[in-house]
Each structure stands twice: as C-alpha cells, then as structure tokens.
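Here the protein sequences line up with chains A and B, keeping their order.
Numbering-wise (numbering that gives the first Met the number 0), the first sequence opens with residue 0 and increments by one.
Numbering-wise (numbering that gives the first Met the number 0), the second sequence opens with residue 0 and increments by one.
Don't be surprised by glycine CBs; every beta carbon is placed ideally from N, CA and C.
If you're wondering where the values come from, they're calculated on a predicted model, not measured in any experiment.
Taking it in order: structure first as structure tokens, then the write-up.
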Amino acid sequence: MAEVTLVGAVNMALARALSDDENVLLLGEDIGVDGGVFRATEGLLDRFGPERVIDTPLSECGIAGSAIGMAAQGLKPVAEIQFMGFIYPTLDQIISHASRMRNRTRGRLSCPMVLRAPFGGGIRAPEHHSESTEAIFAHIPGLRVVIPSSPTRAYGLLLAAIRDPDPVVFLEPKRIYRVVKEEVADDGEAAPLDFCFTLREGIDVTLVTWGACVEDTLAAARELAEEGVDAEVIDVATVKPLDMDTIVASVARTGRCVIVHEAALTGGVGAEIAAQLASEGLLSLLAPVERVTGYDTIMPLLRLEDRYMPSRARIKAAARRALAYG
Amino acid sequence: MSTVARFEFRYTRVLDPSGALVGELPDFAGDREALVDLYRGMVRTRRFDAKAVSLQRTGRLGTYASSLGQEATSVGIGAAMAADDVLVPSYREAGTQLWRGVTPLEILLYWGGDERGMDYQVPREDFPISVPVGSQALHATGCAYAFKLRRQKRATVAVLGDGGTSRGDFYEAINMAGVWHVPAVFVVSNNRYAISVPLRRQTAAQSLAQKAVAAGIPGEQVDGNDVLAVRHAVARAVARARAGEGPSLIEALTYRLGDHTTADDASRYREEAEVSAKWKEDPIVRLRSYLANAGLWTKADEEKLLEEVEAELTEAVDAYLATPPQPPEAMFDYLYAELPTALVEQRRLAAGGEDDEDGGDG
Numbered sequence: 000m001a002e003v004t005l006v007g008a009v010n011m012a013l014a015r016a017l018s019d020d021e022n023v024l025l026l027g028e029d030i031g032v033d034g035g036v037f038r039a040t041e042g043l044l045d046r047f048g049p050e051r052v053i054d055t056p057l058s059e060c061g062i063a064g065s066a067i068g069m070a071a072q073g074l075k076p077v078a079e080i081q082f083m084g085f086i087y088p089t090l091d092q093i094i095s096h097a098s099r100m101r102n103r104t105r106g107r108l109s110c111p112m113v114l115r116a117p118f119g120g121g122i123r124a125p126e127h128h129s130e131s132t133e134a135i136f137a138h139i140p141g142l143r144v145v146i147p148s149s150p151t152r153a154y155g156l157l158l159a160a161i162r163d164p165d166p167v168v169f170l171e172p173k174r175i176y177r178v179v180k181e182e183v184a185d186d187g188e189a190a191p192l193d194f195c196f197t198l199r200e201g202i203d204v205t206l207v208t209w210g211a212c213v214e215d216t217l218a219a220a221r222e223l224a225e226e227g228v229d230a231e232v233i234d235v236a237t238v239k240p241l242d243m244d245t246i247v248a249s250v251a252r253t254g255r256c257v258i259v260h261e262a263a264l265t266g267g268v269g270a271e272i273a274a275q276l277a278s279e280g281l282l283s284l285l286a287p288v289e290r291v292t293g294y295d296t297i298m299p300l301l302r303l304e305d306r307y308m309p310s311r312a313r314i315k316a317a318a319r320r321a322l323a324y325g
Numbered sequence: 000m001s002t003v004a005r006f007e008f009r010y011t012r013v014l015d016p017s018g019a020l021v022g023e024l025p026d027f028a029g030d031r032e033a034l035v036d037l038y039r040g041m042v043r044t045r046r047f048d049a050k051a052v053s054l055q056r057t058g059r060l061g062t063y064a065s066s067l068g069q070e071a072t073s074v075g076i077g078a079a080m081a082a083d084d085v086l087v088p089s090y091r092e093a094g095t096q097l098w099r100g101v102t103p104l105e106i107l108l109y110w111g112g113d114e115r116g117m118d119y120q121v122p123r124e125d126f127p128i129s130v131p132v133g134s135q136a137l138h139a140t141g142c143a144y145a146f147k148l149r150r151q152k153r154a155t156v157a158v159l160g161d162g163g164t165s166r167g168d169f170y171e172a173i174n175m176a177g178v179w180h181v182p183a184v185f186v187v188s189n190n191r192y193a194i195s196v197p198l199r200r201q202t203a204a205q206s207l208a209q210k211a212v213a214a215g216i217p218g219e220q221v222d223g224n225d226v227l228a229v230r231h232a233v234a235r236a237v238a239r240a241r242a243g244e245g246p247s248l249i250e251a252l253t254y255r256l257g258d259h260t261t262a263d264d265a266s267r268y269r270e271e272a273e274v275s276a277k278w279k280e281d282p283i284v285r286l287r288s289y290l291a292n293a294g295l296w297t298k299a300d301e302e303k304l305l306e307e308v309e310a311e312l313t314e315a316v317d318a319y320l321a322t323p324p325q326p327p328e329a330m331f332d333y334l335y336a337e338l339p340t341a342l343v344e345q346r347r348l349a350a351g352g353e354d355d356e357d358g359g360d361g
C-alpha cells in the first residue's frame, strides 16, 4: 500500500478512473505535459495519451462548456480549473446547463462530469488564488459539491464523484494537499457521497467542518481534550446535498455546535446547517450555534490571510463559549 | 513590411429573391422530391409558428420565439444533416427541429411550460434548445470531441444568432473546435437583430463569417433566405467535418420578419418600411416561384400541401391542449439520477401540498 498525500491520492484516483473506464477523460490548463500546477495529473499524459489527458486552451468557460457536450454523449469528463478564483467564467455553463441537463430533458440527456478545482487560502498565493466560494455552487439545485479533507477520502470521494451520473463540483483543499500522508490502497473503492464522516467522537460539543479546516478543527479538538472538553468532529465532505441526519444526531447527543469554514460568514454553507439545526434540532440545543468562519471581507492578500482564516484559537474560543452558555 | 495573412470569404446564393437561378444548381436540386421536401419543411415551419403565436395570443401558450422569415436557414440546416448527426440549437430553430423529427407537440409542450417537450422521442441525442444566447456553441465542440475520440463519422451542428457572436463563449467554442480539429459546424443565423440591437451595433466587423479567422477555421457566408444555398453550404461543411477535415463557420444572412418573441414589439426599434421591403425576400415565395416556373409545382399541389400541414398541426395543437401538466413532484424526479435523501421531505411536501390547503396561489 502506498503512502500518499492528498494531491497524490487525487492523482491515484484519476489514474484508477482512467484505467477502469474508457469514457473517462481529463481536460484543463497545464494538466498534460506540465502535470498540473499542483502536479495532480502528473504522469497521466504519458500513461493515457493526449486524447484523454487534454491540455486545453486558456479558456475556463470553454473547458466547462465542452465538458458538458462530452458528458451529454456519455463521456465522463473530469475538468480541472487551475484555482477556484478562476472558476467564475464557468458559472453560466454549470448553472444554466450542467446542473439542469437531466431535468430539462426528463433524463434523456445527462451531465456526468466533474469540475475539479483547488480552493482555499493559507499557501501565501497571489490575489484570486485563495477564495472559498463553495456556497455559490451549493446553492444550485442539480449539483453535488464534494470536498475531501484527507488522502483516503480524496481517493474515495473523487472516484465516487467520477462514477456519479450527475455533475459534481469537487473542491480540493490545497492548503493540506501535502500536509498529511496516509496509507491509501489503490483498490478502486469509492467513498459514499451525501454522507458526513465523523472523525472523532465526543460528548460535549459537535464541531462541524470541511476542507482544510478539518485539520485545524481536529487539532483544536485535541487541545480542547487537554482542557477536559470532549469534542466530536464531523467532516461534512459533501456540502451539497447535506447529510443533516448525521449532524442533527450528533447535536442531539452534545447539545452544542460549532461550525467552522474558511468561506465568508454571510450566506455560507454554515448558515444552512445552522438554519436546519434550528428547525430540526432546536430542542436538543443547549447553546446558540457558533460559527467560526472567514470574515465578510474580501480575502486579504497574503500578509493578512492568517488573520482571516479560522484559527485553532478561534475554534477553541467558540467551543468554550458554547460550553459556558446557560 | 510583409503580409502575414490574407482572407476572403465565399458567398453562396443559388436563387435570387425572385426565384431565378443565379448560381450553380447543387446536385440534390435536380430531384423534384428533394425540392418539394424543402418547400414542405418551410411551409410546415411557418404554419407551426403561426399556430404557436396564435396560441400565445389567446393565453394558451407561454412566450414563443417565432422564426418567421428565417425558414430557409432553419430548414436548410436540417436537410443538410444526417439522422445520426447532433443538433445543438438556439430557440429559433423550430424548422430544423421539426425536420429532424422533433414533433410539433413536443415543441408546443416546451413553450407551453412542460419539460417533457425536451424529451425528444426521435433525435434522442439532439440537445434541447438553449435560451442563454450563444452558450450552446461549446456543447457542440464537446460533443464533436466525443465523436472524434470514438472514431465516429458524425458531425454536430450548433446554431446561434448574430447576437451570440458577441459573446466570449462563442469564441471559446470555435477556438477550441479549431485547436481540437473536431467535426463541428457552427451556423450563425444572422437575422440582423438581437432583440432591438441591430447588427451595426453588435460588431464593427464587416461580416460574422470572418470571426472564423481568429479561430483558424474556414468561414463563409450564404444567402440565408435561399434554402438551396443553405442546404448546400451546410452539407458541404458537414461532409468536411465527417471526413475529418475539421470545424467550420457559416454565416446565413437572413432577416427576422416578426418580433423577437411574443413578448416583444419590434415596431419600437425598426421602421415598417424596412420590414415590408424584406418581405420581398421571403424564402418561401422564392422557392415556390422557382418550382412553379420550372413546372414542378401547381396550385393543386399547394392546396394539398396546406391541407396536410393543417391537419397535422391541428392534431398536434389538440394533443397539446389535452395534455395535463406533470404532477408537482415531477420537479424532483429528474433533478438527479436518484433523489438525494436531503430532498425526500421537500418532494413529499410538493406532492402533498399540505401547506397549500387553500389551494395555493394557483
């Protein structure tokens, strides 16, 4: 079994999908000869050839729109957008076409494509390279939005996304692309979509998060344990559609919930989770739902980005507030 | 100083507005049946448009986009395609869709507000019409890539309007098609107006065909009110595509004789004199004059055709009006291949309507 990083697991899953299904192909900027700016597609051009690993023109809308045309023909395109900050030209194609092809045609045509993009801050990248705007896609009916947070889940969830018969926006937390290595078996086993992973069981407070914040939240939970606080940590993983059953059941046990995400506060996916907790879990809540998120500001340039991101200290402070309430 | 590149564009016209032969007659036009088929296709499209507009005016159809005056372009494209080619249409290609086997009932259902009208029973792989202008051109590029990858001798034909050529996605589509050398044909149905904006305010370019130059693909112009010319030019481009010779762009010069849609009033932005002058270029009259002058079409033929078309369309309208709407839970049934658990409760609410006990707003 190989020990791989998260980006290594992405590469492994892509290679597996290309090997298993001749309908799978990759397209994106610099994904071929260069192996992708993060090397997510390294070596795949040599193994699978230029017809299935396509270096496209610099044309994000074109990448998404042509992938829709391929998918309608039964191919399974996995399109890479180099950074989430460059994903916005795809919105017309994803919202107006990909998300609704099956619905419009009553199932005659469909759109089994994956739109991959690295997202989030914390790597001292230039402007437009650090945003977390998953809520834009999470708002759109017909889409799935999937965010892995470990090498194992990156491998399993990406395979699941590629095999899924509907469009999936697959956002990769680039801050932890190379932070952790895990033994990942290249066994072709997909992980479940629309499913929250409970990474740490606890009885005092539920910490709900996704993406790179999972690492910070797990670290915060370990530090809280030293204070005698037993925190449960849930990795949402699929932020659209939400597996609220797992979250509601956890909060029913702990009575307290802290939601952690890098994206701005207002209209973030955390707001939806909090609203659903208010309607489905109100009687089990012993404290107001806390949210630790990016501020409602423009993502700052690199000198201030650490002050924008949810820190372990902010996560712990929110957990303590929730525990101290009432 | 030296010249890097020079470009020129072919313009094809076979019949002039009076129906006189002014160009080389394409091979297919030697066959009376082929000519009559094209004529029937255009008449059927125009009668269908009239029925749809009349249904809308009487409150029995939603907003409708008529193709009045553009039938030669629409039908010519359809006739140039093979059954296993794929059409990627805009919202003004009823003529192409009808030719390819989309039924009048399906088109009425769509504009009447029912998604089942996009579940075409015959051209199963054709794309549904695209409302966001020009955005569909990329689907043709991607679809053609699939044909090329699978070594299939098929072509995709995308149709968009003059307004669509001002958008970036149109350029991205022809550019990528050029780089990938895929079997795609892009037809710009230049009806001179994007709602109220005339072509001169759309672009400073002398033609829309020349947009092909920037993408490195062949471009040409055709008289879009001459169905023989349209069919000939599109068939040539489709044949090139199928033979592995790459994509091309065709600008069909036509004119929208009607409003943009039934929600539009074209008298706000163009003179009646301009429109009435353009009626002299009516594509249906043009082919009928040619057929009649060649002794291939009689008054009796015309009456018989109108009767047949009327009978077919009346039946379609009746079937449309008799089709009950889908149940409310149909909103959920094709959203995903399988309904996610998160939506089960919403679907139940929509189906039961228990919060709508006063009958809702309807």
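**Asked** Would you say residue 84/B and residue 156/B are within 9 Å of each other, going by their C-beta atoms?
**Response** Taking the first residue of the second sequence as 1, we reach residue 84/B at position 85. Taking the first residue of the second sequence as 1, we reach residue 156/B at position 157. Yes, the Cβ-Cβ distance between residue 84/B and residue 156/B is below 9 Å.
**Message:** Cutting at 8 Å between CB atoms, please list the residues of its own chain near residue 106/B, excluding the five before and the five after it.
**Reply:** Indexing the second sequence from 1 puts residue 106/B at position 107. Counting only Cβ-Cβ distances below 8 Å, and skipping sequence neighbours, we find 47, 51, 93, 96, 97 and 116.
**Request:** Work out the CA separation of residue 70/B and residue 346/B for me, nearest whole Å.
**Result:** As a position in the second sequence, residue 346/B is number 347, starting the count at 1. As a position in the second sequence, residue 70/B is number 71, starting the count at 1. Approximately 42 Å between the Cα atoms of the pair.
**Asked** Going by other Cβ atoms of all chains shown within 10 Å of its Cβ, with 16 needed for buried, is residue 361/B buried or exposed?
**Response** In the second sequence, residue 361/B corresponds to position 362, counting from 1. Unreliable placement is indicated for residue 361/B, whose pLDDT of 46 sits below 50; the coordinate value is still reported in the next sentence. Classification of residue 361/B: exposed, given that the 10 Å Cβ count is below 16.
**Euclidean distance between Cα positions of residue 93/A and residue 182/A** = Stepping through the first sequence from its first residue, residue 93/A is reached at position 94. Stepping through the first sequence from its first residue, residue 182/A is reached at position 183. Spanning the two alpha carbons is a distance of roughly 34 Å.
**Message:** Does any residue of chain B have a CB that is nearer than 9 Å to the CB of residue 27/A?
**Reply:** Residue numbering aside, residue 27/A sits at position 28 when the first sequence is read from its first letter. Cβ-Cβ to chain B under 9 Å: no for residue 27/A.
**Request:** Taking only beta-carbon positions, decide if residue 180/B is within less than 9 Å of chain A.
**Result:** Residue 180/B sits at position 181 when you count from the first residue of the second sequence. So no, residue 180/B is outside the interface.
**Message:** Using a Cβ-Cβ cutoff of less than 7 Å, which residues in the same chain neighbour residue 320/B once the five nearest sequence positions on both sides are dropped?
**Reply:** For the purposes of this step, residue 320/B is taken as the residue at position 321 of the second sequence. Same-chain partners within the cutoff: 59.
**Asked** Which runs of the alpha helix (DSSP H), 4 residues or longer, sit entirely within the region 130–198 of chain B?
**Response** 136–148 and 167–179
**Message:** For chain B, check one thing: does any of its Cβ atoms lie closer than 9 Å to the Cβ of residue 19/A?
**Reply:** Locating residue 19/A in the first sequence gives position 20, counting from the first residue. With 9 Å as the cut-off, residue 19/A does not count as an interface residue toward chain B.
**Prompt:** Where residue 166/B and residue 119/A are concerned, what is the direct C-alpha to C-alpha distance, given to the nearest angstrom?
**Reply:** One-based indexing of the second sequence puts residue 166/B at position 167. One-based indexing of the first sequence puts residue 119/A at position 120. About 30 Å.
**Message:** Using 9 Å as the threshold, is the C-beta distance between residue 51/A and residue 34/B below it?
**Reply:** Along the first sequence, read from residue 1 onward, the residue named residue 51/A stands at position 52. Along the second sequence, read from residue 1 onward, the residue named residue 34/B stands at position 35. Not a contact, by the Cβ cut-off of 9 Å.
**Message:** I need the straight-line Cα distance from residue 302/B to residue 41/B, nearest angstrom please.
**Reply:** Translated into positions along the second sequence, residue 302/B becomes position 303. Translated into positions along the second sequence, residue 41/B becomes position 42. When rounded, the distance between both Cα atoms is 15 Å.
**Prompt:** In chain A, which residues lie less than 7 Å from residue 167/B when you measure between Cβ atoms?
**Reply:** As a first step, residue 167/B is located in the second sequence; it is residue number 168 there, counting from the start. Here the neighbours are 60.
**Asked** Taking the Cβ atom as the reference point for each residue, do residue 340/B and residue 244/A lie within a distance shorter than 9 Å?
**Response** Indexing the second sequence from 1 puts residue 340/B at position 341. Indexing the first sequence from 1 puts residue 244/A at position 245. Yes, these two residues count as a Cβ contact at 9 Å.
**Asked** Out of 127/A, 284/A, 128/A and 137/A, which has the shortest C-alpha to C-alpha gap to residue 241/A?
**Response** Counting from one through the first sequence, the residue named residue 241/A turns up at place 242. Closest option to residue 241/A, Cα to Cα, is 137/A.
**Item:** Pairwise C-alpha distance: residue 132/B and residue 327/B
**Value:** In the second sequence, counting from the first residue as 1, residue 327/B sits at position 328. In the second sequence, counting from the first residue as 1, residue 132/B sits at position 133. Roughly 29 Å separates the two Cα atoms.
**Exposed unless 16 or more other CB atoms sit within 10 angstroms - verdict on residue 4/A** = Sequence index remark: in the first sequence, residue 4/A carries index 5 (1-based). Result: buried.
**Assumed close pair residue 122/A, residue 174/A - CB separation to whole angstroms, cut-off 8 Å** = In the first sequence, the residue the question calls residue 122/A occupies position 123. In the first sequence, the residue the question calls residue 174/A occupies position 175. Correct: roughly 6 Å between the Cβ atoms.
**Request:** Using the Cα positions of residue 260/A and residue 215/A, report the straight-line distance between them to the nearest angstrom.
**Result:** In the first sequence, the residue the question calls residue 260/A occupies position 261. In the first sequence, the residue the question calls residue 215/A occupies position 216. Going by the C-alpha atoms only, they are around 10 Å apart.
**Asked** Does any C-beta atom of chain A lie closer than 9 Å to the C-beta of residue 353/B?
**Response** Here the question's residue 353/B lines up with position 354 in the second sequence. No, because no Cβ of chain A sits closer than 9 Å to the Cβ of residue 353/B.
**Request:** Could you check what DSSP says for residue 260/A in three-state terms: helix, strand or coil?
**Result:** Taking the first sequence and counting its residues from 1, the one referred to as residue 260/A is at position 261. Residue 260/A falls in the strand class under three-state DSSP.
**Asked** Excluding the five sequence neighbours on either side, which residues of its own chain have a C-beta within less than 8 Å of the C-beta of residue 309/B, listed in chain order?
**Response** Position 310 of the second sequence, counted from the start, is the residue given in the question as residue 309/B. For residue 309/B, where only same-chain residues beyond five positions count, the Cβ hits under 8 Å are 46.
**Request:** Return the first residue and the last residue of the alpha helix (DSSP H) that residue 304/A is part of.
**Result:** Position 305 of the first sequence holds residue 304/A. It spans 304–307 - the alpha helix (DSSP H) in which residue 304/A sits, taken as one unbroken run.
**Prompt:** For residue 247/B, which three-state DSSP category applies?
**Reply:** Locating residue 247/B in the second sequence gives position 248, counting from the first residue. If DSSP states are grouped into helix, strand and coil, residue 247/B belongs with the strands.
**Message:** With H, G and I counted as helix, E and B as strand and the rest as coil, what does DSSP make of residue 197/A?
**Reply:** As a working mapping, residue 197/A is identified with position 198 in the first sequence. Looking at residue 197/A - three-state DSSP - the assignment turns out to be strand.
**Prompt:** Using a Cβ-Cβ cut-off of 6 Å (strictly less than) and excluding sequence neighbours within five positions of residue 189/B, which residues of its own chain qualify?
**Reply:** What you label residue 189/B is simply residue 190 of the second sequence in a count that begins at 1. Within the same chain, residue 189/B has close Cβ partners 161, 207, 250 and 252.
**Message:** Using a 10 Å radius around the Cβ and a threshold of 16 neighbouring Cβ atoms, would you call residue 122/B buried or exposed?
**Reply:** Mapped onto the second sequence, residue 122/B falls at position 123. Classification of residue 122/B: buried, given that the 10 Å Cβ count is 16 or more.
**Prompt:** Can at least three beta-carbon pairs, one atom from the region 176–185 of chain B and one from the region 309–317 of chain A, be found at a separation below 8 Å?
**Reply:** no
**Item:** Within the region 87–135 of chain B, ranges of the alpha helix (DSSP H) (whole runs, at least 4 residues)
**Value:** 93–99 and 103–110
**Message:** On the CB-based measure, 16 or more other CB atoms within 10 Å of its CB, does residue 193/A come out buried or exposed?
**Reply:** As a first step, residue 193/A must be located in the first sequence, where it is residue number 194. Its Cβ being crowded by 16 or more others within 10 Å, residue 193/A is buried.
**Item:** Own chain, CB closer than 6 Å to residue 219/A, minus 5 neighbours either side, in chain order
**Value:** Taking the first sequence and counting its residues from 1, one reaches residue 219/A at position 220. Hits under 6 Å: 311, 314 and 315.
**Request:** Determine whether the Cβ of residue 117/B lies closer than 9 Å to any Cβ atom of chain A.
**Result:** For the purposes of this step, residue 117/B is taken as residue 118 along the second sequence, with counting starting at 1. Yes, residue 117/B lies at the interface with chain A (some Cβ there is under 9 Å from its Cβ).
**Prompt:** Got a sec? Which residues, its chain only, sit under 7 Å from residue 12/B by beta carbon, not counting five neighbours each side?
**Reply:** Indexing the second sequence from 1 puts residue 12/B at position 13. Cβ within range, chain order: 21, 22, 222, 225 and 228.
**Asked** Can you name, in chain order, every residue of its own chain whose Cβ lies under 6 Å from the Cβ of residue 6/B, other than the five neighbours on each side?
**Response** Your numbering for residue 6/B matches position 7 in the second sequence. If we look at residue 6/B and ignore the five residues flanking it on each side, its Cβ neighbours are 212.
**Request:** Return yes when the Cβ of residue 76/B is within less than 9 Å of the Cβ of residue 233/B, no when it is not.
**Result:** Working through the second sequence from its first residue, we reach residue 233/B at position 234. Working through the second sequence from its first residue, we reach residue 76/B at position 77. Result yes, Cβ atoms of residue 233/B and residue 76/B sit closer than 9 Å.
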